[in-house]
Structures are given as structure tokens and as C-alpha cells.
Amino acid sequence: MSWHQLSVITDEVSAPELSDYFSDLGAVSVTYMDAEDQPVYEPLPGETKIWPNTKVIALFELDAQPEDIKARVFDVFNRHPLKEWSAEVLEDQAWERAWMEHYHPMKFADRLWVCPTGQEQQEPGTVCLTLDPGLAFGTGTHPTTALCLEWLAEHDLSDKTVIDYGCGSGILAVAAVLLGAREAHAIDIDPQALTATHDNAMKNGIADKIRCYLPEQFAACSCTADVVIANILAQPLIELSGKIASLLAPAGSLVLSGILKEQAEAVSAAYRPFISINPPTIQEDWCRLDGRKDT
Numbered sequence: 125m126s127w128h129q130l131s132v133i134t135d136e137v138s139a140p141e142l143s144d145y146f147s148d149l150g151a152v153s154v155t156y157m158d159a160e161d162q163p164v165y166e167p168l169p170g171e172t173k174i175w176p177n178t179k180v181i182a183l184f185e186l187d188a189q190p191e192d193i194k195a196r197v198f199d200v201f202n203r204h205p206l207k208e209w210s211a212e213v214l215e216d217q218a219w220e221r222a223w224m225e226h227y228h229p230m231k232f233a234d235r236l237w238v239c240p241t242g243q244e245q246q247e248p249g250t251v252c253l254t255l256d257p258g259l260a261f262g263t264g265t266h267p268t269t270a271l272c273l274e275w276l277a278e279h280d281l282s283d284k285t286v287i288d289y290g291c292g293s294g295i296l297a298v299a300a301v302l303l304g305a306r307e308a309h310a311i312d313i314d315p316q317a318l319t320a321t322h323d324n325a326m327k328n329g330i331a332d333k334i335r336c337y338l339p340e341q342f343a344a345c346s347c348t349a350d351v352v353i354a355n356i357l358a359q360p361l362i363e364l365s366g367k368i369a370s371l372l373a374p375a376g377s378l379v380l381s382g383i384l385k386e387q388a389e390a391v392s393a394a395y396r397p398f399i400s401i402n403p404p405t406i407q408e409d410w411c412r413l414d415g416r417k418d419t
């Protein structure tokens, strides 16, 4: 199936309103992209940060009328900054080529393969995680996720309970179970992330061992875990340090990622009252912090 892809650049104030309007006009999906080179590192829990110059991209079914949509947008948003309108027909095959170009089988700690569907690896002594992230983040290609996968593949998870706080695609929760964990609890503020996690758990035949929650749902469980892994960002990790540390059972292991190298000390300081933190593990501009909870 083909799609109309329509995009326009606006500011951070107008982008959410424009996104909603595209949805009202029938868009099947709306996404944001940085129109310049100003990455945003620090969204707070429950917050979506938007760039000062944001490209809003909407997909419409092929029977939509792009010129009519453009006229409506520019009429309704006539007092808003809009520039560089673009309309093109996007073929399904274009999505497939882009997917395969950037995502290939990856191996972690000589024990764990992460592979897109159709490229599964069967190698003695390893496990293979088949992953399609859907609309959620997390394939293992980014250093923050890779650092967490390395830690999981290097440790004995046999019969352990794992909490994946900020699960995204569910890659860490699924990897933990495939590597021997008894069960994993996947938590995210985004319902789409929970859908992706459930789908990836089913794809790997372990849906019965992974439970998905919004934070408020998990708050009612009052459970702790042998391993808590949180791959989010530095500021939320600092603000949630007490909450995240409380999820860890005595002598349990904590793994934190999504941290820039220069943020390592600030995050470490937030967790030292609860956790014995090891020196950071660095990959490119990012680092992983891990440690054990005192008994």
C-alpha cells in the first residue's frame, strides 16, 4: 500500500496543535523530526520536548487530497509560522529499504543476537531475539541500548525477576527473559511502547513471562526485582532515583543508561545513598552506570 506523506516546518508552540489538526483531517500517523541540528536530551517524565524548528510529518491514505489538506492547514494556521511544505507518495517498499539499511543482526557479549524478522541467527551457545520496534524506540543500535544489552548478556539472569523501567520497544525485558530471567515487568508512560513490548514478547514466544504496565498501574503492585534496568535520560533518572532504587530487592543489581558522559557523576550522586555504584562504562558519548543495592 502507498501513502501520502505531507510535511511542514513550524515552531515548538505550533507543532502539537498542527499534529492534532493533521489527525483531525484523517492522518494515520503524525511524527516530529528535528528540522535543524538541535537534539533534545532531557525530556521530563510524561513530557515531550519539541525542537524550536520542528518538521511535522503526517501520513495519509492514498485517497486523501494533499492540496485540499494544504489549503486547510494554511487557512487554519495562517498566524503560525509554516514553511517548506512538502508532499510525496511513499511506497511501502521505501519503508522496507530504510528499515533494512539501518538495522542488521547485532551480537552482544558473544551470547545474545538481536535481529530483525527474517534475519534470525542460529548459533550454538547463543540466544536470538527477534525484534521489530513498531512505533516505540529501541533496536539495540543506539549506544544507550547496546550498553544495557551488553550488561544483560554478561550476567547470569537465571530465575531472576527483572524490571525494565521505560521499556520502549521492550527489547531489554525480552532479552532478559531469553537470557534466563523468570519474568520481567515492563513499565512505560507511552501506551504504544507497551503495545510494542507485548508484540515483541509474542514474537519471541515469551508473552507469558512479560507483564506490561503504565507507571500508575505498576504502583499498585508493590513488588521488587533482582534486577532493575532503566534506560531513559539523566534528568528523569535523577528525579526518580528514590523510586527506582526502591524497586530493587536487597543485593539486587541496578543498571542505568541514557546518560551522557558528562552527566555520569550527577546521576551517580543521586543513587549513592541507595546503591554501591561502579565506575561508568563508556561507549561513544554515552555511558552506563551499574551497581548493587546494599543488603
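In the working numbering, the protein residues as written are 125 to 419.
No residue lacks a Cβ here, since even glycine has one placed at the ideal position from N, Cα and C.
Across which residues does DSSP place residue i in a beta bridge pair?
| i | result |
| --- | --- |
| H128 | F184 and V213 |
| K231 | W237 |
| V251 | L236 |
| T134 | T178 |
| I399 | K417 |
| S153 | L183 |
Can you look up residue i in the DSSP assignment and give me helix, strand or coil?
| i | result |
| --- | --- |
| Q407 | strand |
| R416 | strand |
| S147 | helix |
| V197 | helix |
| E141 | helix |
| L206 | coil |
| D158 | strand |
| N328 | coil |
| E191 | helix |
| E244 | coil |
Below 8 angstroms on the Cβ atoms is my guess for residue i versus residue j; work out the distance and round it to an integer in Å.
| i | j | result |
| --- | --- | --- |
| F184 | A151 | 6 angstroms |
| A375 | R416 | 6 angstroms |
| D288 | A297 | 4 angstroms |
| L302 | L273 | That pair is no contact at about 11 angstroms. |
| I133 | E208 | 5 angstroms |
| I308 | A320 | According to the sequence displayed, residue 308 carries Ala and not Ile. At roughly 14 angstroms, the Cβ-Cβ gap does not stay under 8 angstroms, so A308 and A320 are not in contact. |
| Q387 | P267 | Their Cβ separation, rounded to whole angstroms, is 14 angstroms, which puts Q387 and P267 out of contact at 8 angstroms. |
| T285 | A349 | 4 angstroms |
The ligand FAD heavy atoms versus the CB of residue i: any closer than 7 angstroms?
| i | result |
| --- | --- |
| L303 | What this structure holds is no ligand at all, so the ligand FAD is not there to describe. |
Run the CB neighbour count on residue i, radius 10 Å, all protein chains shown included, and call it buried at 16 or more, exposed below.
| i | result |
| --- | --- |
| V352 | buried |
| R396 | exposed |
| K367 | exposed |
| G329 | exposed |
| M230 | buried |
| L186 | exposed |
| V213 | exposed |
| S153 | exposed |
| R203 | exposed |
| Q243 | exposed |
| S370 | exposed |
| H128 | buried |
| Q189 | exposed |
| Q246 | exposed |
| F198 | exposed |
What are the complete alpha helix (DSSP H) segments, minimum 4 residues, inside the region 256 to 316? Those alpha helix (DSSP H) runs which fall completely within the region 256 to 316 and span 4+ residues are 267 to 278 and 295 to 302.
Which runs of the beta strand (DSSP E) at least 3 residues long sit entirely within the region 332 to 387? Give them in chain order. Runs of the beta strand (DSSP E) spanning 3 or more residues and lying entirely within the region 332 to 387 occur at 334 to 337, 349 to 355 and 372 to 384, in chain order.
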